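J.: Could you have a look at this structure, given as structure tokens, before my questions?
Chains as they are written, first to last, in this note's numbering: chain W, 1276 to 1483; chain V, 42 to 816.
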């Protein structure tokens, strides 16, 4: 059987070509953020040596963190293993489960699909950032009271998804809550209590 | 079934010590102040604040990150592993493979033979070939990618239906038959001859994967010759015994800690190779090593619910009396003897009265990941067949499905030797009260294919169940310490999987000692500091541990009463324990606060030790349940929407109504996954590889797939004979009937009997189109 040529898409890009340009794009972001440490050896801009770190400045829960990070390190990895904020959890590290959900400029995002370098210049809020000292925030309180979890591993992400929902929609309908929670998997199946917690959290945030 | 107490899956292959007899146990509670109420979890703050430390969160100084290279072929022999490039890569601190002397270990011996830690004969895609530890997980992954392996790729069999066919490649040298079991009572030939209606049908449930949100794995750290492991596990003692055995270490030098864990569903009952690998990497590098599997690895290598191919032939009289059941199941536990057919026939044997039953189970080897116990092993598959058949029989004899089930209630366990009675069976009540709460008869009349107009069809369905275990049993030892300020420490070995174990145990102590549950600090799941416990599973954790906790608390109370009797110069029998105070029944002025007891102040602490007593002799403790649901089918698109569920479960006493309901909702959600969304797909024809090894392609139920309208209806009363708390297991029965109930509702809505999971739009559209063609 003869080999087929790579399929060409409607925009004229082959799949392979598309991936290459994606890769270059990611390097482009890194380069524009001035991530390359000054070194003697000439660096091929297409190939980043592993282990090469550079300065990344992150705003997390209102505080500034300056860390050395490889360009390929995700925000999730830097949060957990470099800075030590372990609220956001790794579940799949490919944008499927939502256990790593954080707010980036107030919007719920998967920290596993966000490079640390990409988060520069944004306000990142993690589960820890919802606390008022040692006091739980309203969404956390609602989750605890409604028993909106079982093993609790997806819970930080669920809470951040609801927090993100309520920041844009303070009074969501039942259907809007279901949609808002649908990017976060709960294998224990505590969804019904999560819906109740989201409803209660909206009330708590409105001061009821 | 042989001796159930030794053979049940959650203690298979691990040493289980005896527990001393507890002596006289307290009487059943009449009224309770704490137990049974809706109490948020005692560790809710930790879990919602991010301060709970899961094994994934453990971060030790100088910690490295491990990664495992796995065989990409379903069947291959490893000729050579070249790690030279990998070991020179930046950040790499340890590399091990099968020929590394300290990693050249026997992992286990079973009926199929001996398996090495890095076995050169890889029998499934995902078998461990080599491992590295590096400064970052990225560098570890880079090094894994740089390892060159020379594989001799072998022919494979990935479809269990072909495993026994002539010419199928053998997974093990002795062939592909792992195990065959038969069970027989009465005479099915005579039973079918006595029947007025006989139906026969084939059923299939697809392979499901556990995929708990926290991946399997651990952090391993050596201090001198002692190993400490923080492991995401259901049973710290099960991990300890296997790790010590494989590494040839004394038990006392292996400490396993599992305070928090992110879900298991059976897949974390046993130890995995990853823990031994992490320990070896840590030893070679002299650094702690964190080794959490990737999501893809959890799909390939840490268990599944086996795919089951079943046939069921059933005979019934016109009045609904079952006369015979004949059942076969062909299934696979994958490449190991892993219980591919374990308990699949139990409901056929034991749920309904039937004098003539024959079951034949055939467990075969395939080149696929080994099975592990998955929430109610075998039961949802058996229910899928039996409970759909019961509906078909009901239709054939013109009976309501609930009435047909009521007609065949079992008064005792028919499948066990000697036909022992149940300590309690609420099955009848589950069916009757569940149907009433659901509005079954009205809903049945008003929905359904006949009454429907247009392309949106509604239907209702139901299914019943029991769960083979769920009674709990020894061993369990629990220590309760009351300090001089009245605060309490509860020490037990059991893990809390997220079912709320810790909260229930705190409630039991609070009930007995009259203190607030939040005053109780719980230390659990640590082989270094807590008592032996079997892994949490089998829906036996509450009925196993709670009676021991109660015995320990009662012993503390008794000691306090004796102190008070001495202080008040009276007899213990005269005193009443009122929580804060101990008061004379005869003279209310004679009273003393617990904290004012001089003896307690001098001692500093009062210690109570509780043991789990034996179960009643010649009786069986099983939970029962029935679930009812309403669905809507779009007959143009094949979309299926579940509108509501009512779940009536007899699990004895409700210990915490809030976490009880949560278990019910969770069980239904998982059952919806089996019914509608979940199926492992192997490329059985060409590569043998799993093609949907992630949550995009293998779909779990999301918030959009479950109804908000689920009613949990606990069916009492407490089981006074089962144990001193009256509780039976809950976590597993709640997922057993769900998928079958959905299938029955779909049949009611559309007239189509869907016998294969998952009932997704793809299948429904095809079946609806076929029916239109047939006209």
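C-beta atoms are modelled at their ideal positions from N, C-alpha and C, and glycine is treated no differently. A quick note: this is a predicted structure, and the numbers were derived from the prediction, not measured.
1. Are three or more beta carbon pairs between the region 346-360 of chain V and the region 422-431 of chain V nearer than 8 Å?
2. Does any C-beta atom of chain W lie closer than 8 Å to the C-beta of residue 799 of chain V?
3. Interface residues of chain W around residue 180 of chain V at Cβ under 8 Å?
4. Out of V/213, V/217, V/196, which has the shortest C-alpha to C-alpha gap to residue 206 of chain V?
5. Answer yes or no: does any C-beta atom of chain W fall closer than 8 Å to that of residue 755 of chain V?
6. Would you call residue 84 of chain V buried or exposed, if buried means 16 or more other Cβ atoms sit within 10 Å of its Cβ?
7. Are the CB atoms of residue 225 of chain V and residue 354 of chain V within a distance shorter than 8 Å?
8. Any C-beta of chain W sitting closer than 8 Å to the C-beta of residue 185 of chain V?
9. Let me know the alpha helix (DSSP H) ranges lying completely inside the region 240-319 of chain V, each 4 residues or longer, listed in chain order.
10. Looking at the strands, I want to know which residues DSSP matches up with residue 372 of chain V.
11. If I measure Cβ to Cβ from residue 577 of chain V and keep anything under 6 Å in the same chain, skipping five residues before and after, which residues do I get?
12. Along the region 248-260 of chain V, what residues have a CB closer than 9 Å to any CB found in chain W?
13. Counting beta carbon pairs with one atom in the region 97-105 of chain V and one in the region 321-331 of chain V, are three or more of them shorter than 8 Å?
14. Ignore the nearest five residues each way along the sequence and tell me which others in residue 220 of chain V's own chain have a CB closer than 6 Å to its CB.
15. May I ask which residues mark the beginning and end of the alpha helix (DSSP H) holding residue 427 of chain V?
16. Between which two residues does the alpha helix (DSSP H) holding residue 594 of chain V run?
17. Do you know whose CA, among V/429, V/644, V/58, lies nearest residue 243 of chain V's CA?
18. Inspect the beta-carbon positions of residue 249 of chain V and residue 279 of chain V and report whether they are closer than 8 Å.
19. Strictly below 7 Å CB to CB, what residues from chain W border residue 711 of chain V?
20. Assign residue 1337 of chain W to buried or exposed, taking buried as 16 or more other Cβ atoms, counted over all protein chains shown, within 10 Å of its Cβ.
21. Bridge partners of residue 751 of chain V, per DSSP?
22. Quick check on residue 1329 of chain W: does DSSP put it in helix, strand or coil?
23. From the DSSP output, which residues share a beta bridge with residue 414 of chain V?
24. Is there at least one Cβ from chain W nearer than 8 Å to residue 405 of chain V's Cβ?
25. Is there a Cβ of chain C sitting closer than 8 Å to that of residue 736 of chain V, yes or no?
26. Kindly indicate which residue of V/772, V/748, V/702, V/707 has the alpha-carbon position closest to the one of residue 77 of chain V.
27. Can you look up residue 782 of chain V in the DSSP assignment and give me helix, strand or coil?
28. How long is the line joining the alpha carbons of residue 757 of chain V and residue 1417 of chain W, rounded to whole angstroms?
29. What is the DSSP secondary structure of residue 219 of chain V, reduced to helix, strand or coil?
30. Can you give me the Cβ contacts of residue 431 of chain V inside the same chain, cut-off strictly under 7 Å, excluding the 5 residues immediately before and after it?
31. Anything in chain V within Cβ reach of residue 1457 of chain W, meaning under 7 Å, just list it in chain order.
32. Chain W partners of residue 749 of chain V, CB-CB under 7 Å?
33. Within the region 153-235 of chain V, note down every full beta strand (DSSP E) run reaching 3 residues or more, in order along the chain.
34. Of the residues V/251, V/222, V/386, V/382, which one's Cα is nearest the Cα of residue 366 of chain V?
35. Helix, strand or coil: which one does DSSP assign to residue 625 of chain V?
36. Looking only at DSSP bridge pairs, what is residue 450 of chain V linked to?
T.: So, from the listed chains and residues:
1. yes
2. Translated into positions along the second chain, residue 799 of chain V becomes position 758. Chain W, which has no Cβ nearer than 8 Å to the Cβ of residue 799 of chain V, makes this no.
3. On the second chain, position 139 is the one that residue 180 of chain V refers to. 1325, 1326, listed in chain order.
4. Within the second chain, the letter at position 165 stands for residue 206 of chain V. Looking at the Cα atoms, V/217 is the closest of the given residues.
5. What you label residue 755 of chain V is simply residue 714 of the second chain in a count that begins at 1. With 8 Å as the cut-off, residue 755 of chain V does not count as an interface residue toward chain W.
6. In the second chain, counting from the first residue as 1, residue 84 of chain V sits at position 43. Its Cβ being crowded by 16 or more others within 10 Å, residue 84 of chain V is buried.
7. Residue 354 of chain V sits at position 313 when you count from the first residue of the second chain. Residue 225 of chain V sits at position 184 when you count from the first residue of the second chain. Contact flag unset, no.
8. As a first step, residue 185 of chain V is located in the second chain; it is residue number 144 there, counting from the start. So, not an interface residue.
9. 277-288
10. To locate residue 372 of chain V, count along the second chain from 1; it is residue 331. In the DSSP output, where bridge partners are listed per residue, residue 372 of chain V has V/349, V/404.
11. Position 536 of the second chain holds residue 577 of chain V. Within the same chain, residue 577 of chain V has close Cβ partners 275, 535, 536, 538.
12. 251, 252, 253, 254, 255, 256
13. yes
14. Working through the second chain from its first residue, we reach residue 220 of chain V at position 179. Result list for residue 220 of chain V: 404, in chain order.
15. Here residue 427 of chain V corresponds to residue number 386 of the second chain, with the count starting at 1. Unbroken alpha helix (DSSP H) run through residue 427 of chain V: 420-438.
16. The sequence position of residue 594 of chain V within the second chain is 553, counting from 1. Note, residue 594 of chain V: alpha helix (DSSP H), 582-609.
17. To locate residue 243 of chain V, count along the second chain from 1; it is residue 202. Minimum Cα distance to residue 243 of chain V is reached at V/429.
18. As a first step, residue 249 of chain V is located in the second chain; it is residue number 208 there, counting from the start. As a first step, residue 279 of chain V is located in the second chain; it is residue number 238 there, counting from the start. Cβ atoms of residue 249 of chain V and residue 279 of chain V: not closer than 8 Å.
19. Here residue 711 of chain V refers to the residue found at position 670 of the second chain. Those within 7 Å of residue 711 of chain V in chain W are 1464.
20. Locating residue 1337 of chain W in the first chain gives position 62, where the first residue counts as 1. Residue 1337 of chain W is exposed by the Cβ-count criterion.
21. The residue given as residue 751 of chain V occupies position 710 in the second chain. Bridge partners of residue 751 of chain V: V/686.
22. As a first step, residue 1329 of chain W must be located in the first chain, where it is residue number 54. In this structure, residue 1329 of chain W counts as strand in the three-state DSSP scheme.
23. Here the question's residue 414 of chain V lines up with position 373 in the second chain. Answer is none; residue 414 of chain V lacks a bridge partner.
24. Mapped onto the second chain, residue 405 of chain V falls at position 364. No, because no Cβ of chain W sits closer than 8 Å to the Cβ of residue 405 of chain V.
25. Given the protein chain composition of this structure (W and V), no chain C is represented.
26. The count along the second chain starts at 1 and reaches residue 77 of chain V at position 36. Closest by alpha carbon: V/702.
27. Within the second chain, numbered from 1, the residue matching residue 782 of chain V stands at position 741. It is helical.
28. Residue numbering aside, residue 757 of chain V sits at position 716 when the second chain is read from its first letter. Residue numbering aside, residue 1417 of chain W sits at position 142 when the first chain is read from its first letter. Taking the straight line from one Cα to the other gives about 30 Å.
29. The residue given as residue 219 of chain V occupies position 178 in the second chain. Residue 219 of chain V: strand per DSSP, three-state reduction.
30. As a first step, residue 431 of chain V must be located in the second chain, where it is residue number 390. Correct list, in chain order: 442, 445, 446.
31. On the first chain, position 182 is the one that residue 1457 of chain W refers to. Within chain V, the residues near residue 1457 of chain W are 743, 744, 745.
32. Position 708 of the second chain, counted from the start, is the residue given in the question as residue 749 of chain V. Under the 7 Å cutoff, chain W gives 1449, 1467, 1470.
33. 154-157, 169-175, 189-194, 218-226
34. Here the question's residue 366 of chain V lines up with position 325 in the second chain. Of the candidates V/251, V/222, V/386, V/382, the one whose C-alpha sits nearest the C-alpha of residue 366 of chain V is V/386.
35. By one-based count along the second chain, residue 625 of chain V stands at place 584. Three-state DSSP puts residue 625 of chain V in a strand.
36. Stepping through the second chain from its first residue, residue 450 of chain V is reached at position 409. Per DSSP, V/393.
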